[in-house]
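What the sequence shown shows, in this note's numbering, is residues 23 to 427, in sequence order. Ideal Cβ positions, reconstructed from N, Cα and C, are used throughout, including at glycine. Below: the structure, in structure tokens.
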Amino acid sequence: MNSAESKTSSDFWWTVRKSISRRLPYRVKLRIMGGYHWFFLQIDRLVDLIQLTVNGLGQKPRVYFPYYLTKRHNAWRTYRTHGPLRYTAQPWAELCHWVNLVPDSPRQPCVVECEHILALARDITNWQRGLQSVDLINRLVAQEKCRFVFTYSAGLVEHSRRYLHPDLWFKLGHIYLCFPPQPLVPLPPGSPFTILMIASRYSDKGLPEALQAFRVMRQRHGGDVRMLLVTQAIPPTYSLPEGVSHYDTPRMSDSLKAHVFQAAHVLYVPCYSDTAVPLCEASAFGVPVLATRIHHGDEYVQDGVTGYLITPPVYSYSEQYGTRWKLWEDFLADLDEMRERGELQTVVDQSIDRLETMFNDRARLTEMGHAARALHTARFSPEARNRRLLQLYEAALKAETQFPE
23 MNSAESKTSS DFWWTVRKSI SRRLPYRVKL RIMGGYHWFF LQIDRLVDLI QLTVNGLGQK
83 PRVYFPYYLT KRHNAWRTYR THGPLRYTAQ PWAELCHWVN LVPDSPRQPC VVECEHILAL
143 ARDITNWQRG LQSVDLINRL VAQEKCRFVF TYSAGLVEHS RRYLHPDLWF KLGHIYLCFP
203 PQPLVPLPPG SPFTILMIAS RYSDKGLPEA LQAFRVMRQR HGGDVRMLLV TQAIPPTYSL
263 PEGVSHYDTP RMSDSLKAHV FQAAHVLYVP CYSDTAVPLC EASAFGVPVL ATRIHHGDEY
323 VQDGVTGYLI TPPVYSYSEQ YGTRWKLWED FLADLDEMRE RGELQTVVDQ SIDRLETMFN
383 DRARLTEMGH AARALHTARF SPEARNRRLL QLYEAALKAE TQFPE
């Protein structure tokens, strides 16, 4: 699939859906997308069929991909813009690439992509549902035509194995996310030290700790430090500190994304729950990252090389998932209680220490940016992702019995 073909399907319907969804709460949007995905799938099938008829069959598409999902999350958008091959919207293709689901009794061989194995219960935010569906998930993955399941890091594979029977581990592996390479735009000499923070939620993404650390940096260095904050999660009564430029948007446009990353010295992500897309994007722009060491370990951020990792006292995909917290709401409540008791102050203190190091050594920061670009080329570029995907597709079509390395 090339860039010209990427514009041919369901853009009109996506515009209609987007204009409606702006006026709906997040959970309502999820229910609508889940309940009416069949309708959106039919639209994609029709557009795909028209495209094949008008343009000629050419190279016959071999792999089905659910196009209607690509606009829902940045993790999947590159399947349209930088796909490894020409996909089809027809699920009777030679091989199906499903996202966050395994069909019961699939007609065609398939590979399955998911954030975590429990996402195959169809709602990754409903922890109880995932934990109660372990037997069902194992039965679905055990089907002969479910060839492989992949997630986005070795750390996620390790945590997912807790819920998968050891006899099925050979089907489970990881393929890193990708983001297109970006041009190098040097920061103007003498520009203020700019911290970029991107957060879809408030508490579990570490926004309170990020703003607290920024207040200290601003007190110490005044106008020589600023923050670019991209989020809709700030509580209405919260007063942002001076020096914060707030972008209140649910999803960044390509132009806004380029603007904030090209203006940033560091991406700051002190989160306690899963995040990977911004880390991948930062490497494409050559922006060093300061992040918490969660289940990904140093796969997305290499400590002391492409940025720094700090150690949080707690994070979601840990040994305490399903025991200490059986509900997403339990996890959020626990974070709030820990925050009240001062147990998350260590994240603030470590952040300030690392931000000071970055502020005082711009030459080292530049080296980290170059290292981030090198890591992107090797691990997070579309070429690297697509090479792994094609290997996986071929292994699935040949019914191989080991996830390809």
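Check: Is the Cβ-Cβ distance between residue 106 and residue 118 less than 9 Å?
Finding: As a working mapping, residue 106 is identified with position 84 in the sequence shown. As a working mapping, residue 118 is identified with position 96 in the sequence shown. At the C-beta level, residue 106 and residue 118 stay beyond 9 Å of one another.
Check: To the nearest angstrom, how far is it from the Cα of residue 459 to the Cα of residue 241?
Finding: Outside the shown range of the chain (23 to 427) lies residue 459, about which nothing can therefore be said.
Check: residue 80 to residue 113, Cα distance in whole Å?
Finding: By one-based count along the sequence shown, residue 80 stands at place 58. By one-based count along the sequence shown, residue 113 stands at place 91. Its pLDDT being 47, under 50, residue 80 is placed unreliably in this model, and the coordinates cannot settle the point.
Item checked: Beta-carbon proximity check, residue 207 vs residue 185, cutoff 9 Å -> Position 185 of the sequence shown, counted from the start, is the residue given in the question as residue 207. Position 163 of the sequence shown, counted from the start, is the residue given in the question as residue 185. Going by C-beta atoms, residue 207 is not nearer than 9 Å to residue 185.
Next item on the list: Would you identify the three-state DSSP class for residue 98, choosing helix, strand or coil?
Entry: Sequence index remark: in the sequence shown, residue 98 carries index 76 (1-based). Helix.
Next item on the list: Grab the span of the alpha helix (DSSP H) containing residue 350 for me, first residue to last.
Entry: Translated into positions along the sequence shown, residue 350 becomes position 328. Residues 350-362.
Next item on the list: Find the nearest neighbour of residue 236 within the set 419, 86, 418 and 375, judged by alpha-carbon distance.
Entry: The residue given as residue 236 occupies position 214 in the sequence shown. For residue 236, the nearest C-alpha among the options comes from 375.
Notebook entry, point to check: Under three-state DSSP, which class holds residue 296?
Noted result: Stepping through the sequence shown from its first residue, residue 296 is reached at position 274. Of the three classes helix, strand and coil, the one that applies to residue 296 here is coil, per DSSP.
Next item on the list: Measure how close the beta-carbons of residue 168 and residue 124 come, nearest whole angstrom, since I'm counting them as under 8 Å.
Entry: Residue numbering aside, residue 168 sits at position 146 when the sequence shown is read from its first letter. Residue numbering aside, residue 124 sits at position 102 when the sequence shown is read from its first letter. With a Cβ gap of about 5 Å, residue 168 and residue 124 count as contacting.
Next item on the list: Kindly provide the ranges of any alpha helix (DSSP H) runs that are 4 or more residues long and lie completely inside the region 175-239, ordered along the chain.
Entry: Taken in chain order, the whole alpha helix (DSSP H) runs of length 4 or more contained in the region 175-239 are 176-182.
Notebook entry, point to check: Pick from 145, 226, 326 and 413: whose alpha carbon is nearest that of residue 383?
Noted result: Taking the first residue of the sequence shown as position 1, residue 383 is located at position 361. Selection 145, 226, 326 and 413 evaluated against residue 383 yields 326 as nearest (Cα-Cα).
Check: DSSP puts residue 248 in a beta bridge; with which residues?
Finding: Reading the sequence shown from its first residue, position 226 is the one you call residue 248. Residue 248 pairs with 216.
Notebook entry, point to check: Roughly how many angstroms lie between the CA atoms of residue 266 and residue 394, to the nearest whole one?
Noted result: As a first step, residue 266 is located in the sequence shown; it is residue number 244 there, counting from the start. As a first step, residue 394 is located in the sequence shown; it is residue number 372 there, counting from the start. Annotation: residue 266 to residue 394 spans about 25 Å, alpha carbon to alpha carbon.
Margin query: Does the contact criterion of 3 or more C-beta pairs under 8 Å hold for the region 316-335 versus the region 207-220?
Written below: Taking 8 Å as the limit for Cβ pairs, the verdict is that the region 207-220 does not touch the region 316-335.
Next item on the list: Any chance you could list the beta strand (DSSP E) runs of at least 3 consecutive residues sitting entirely within the region 84-147, in chain order?
Entry: With a minimum length of 3 residues, the continuous beta strand (DSSP E) runs that stay inside the region 84-147 are 117-121 and 132-135.
Check: Once you ignore the five residues that flank residue 190 on each side, which residues in its own chain have a CB closer than 8 Å to its CB?
Finding: Your numbering for residue 190 matches position 168 in the sequence shown. 160, 163 and 164.
Item checked: Pair within 9 Å by beta-carbon distance, residue 358 and residue 149 -> The residue you call residue 358 lines up with position 336 of the sequence shown. The residue you call residue 149 lines up with position 127 of the sequence shown. Taking 9 Å as the cut-off, the Cβ atoms of residue 358 and residue 149 do not count as close.
Item checked: Span separating the alpha-carbon of residue 101 from that of residue 244 -> Here residue 101 refers to the residue found at position 79 of the sequence shown. Here residue 244 refers to the residue found at position 222 of the sequence shown. Linking residue 101 to residue 244 through their CA atoms gives a straight-line distance of about 43 Å.
Notebook entry, point to check: Expressed to the nearest angstrom, what Euclidean distance is found between the alpha-carbon atoms of residue 428 and residue 200?
Noted result: Because the chain in this structure spans residues 23 to 427, residue 428 falls outside the shown range and cannot be described.
Check: Do the region 292-300 and the region 308-317 touch if we need at least three Cβ pairs shorter than 8 Å?
Finding: Short answer: they touch.
Notebook entry, point to check: Secondary structure at residue 151, three-state DSSP: helix, strand or coil?
Noted result: Your numbering for residue 151 matches position 129 in the sequence shown. Secondary structure of residue 151 (DSSP, three-state): helix.
Notebook entry, point to check: How close, in whole Å, do the beta carbons of residue 411 and residue 225 come, if the pair is a contact with beta carbons under 8 Å?
Noted result: For this step, residue 411 is matched to residue 389 along the sequence shown. For this step, residue 225 is matched to residue 203 along the sequence shown. Beta-carbon to beta-carbon, residue 411 and residue 225 are separated by about 34 Å, too far to satisfy the 8 Å threshold.
Next item on the list: Put residue 403 into one of helix, strand or coil per three-state DSSP.
Entry: Position 381 of the sequence shown holds residue 403. Correct three-state label for residue 403: coil.
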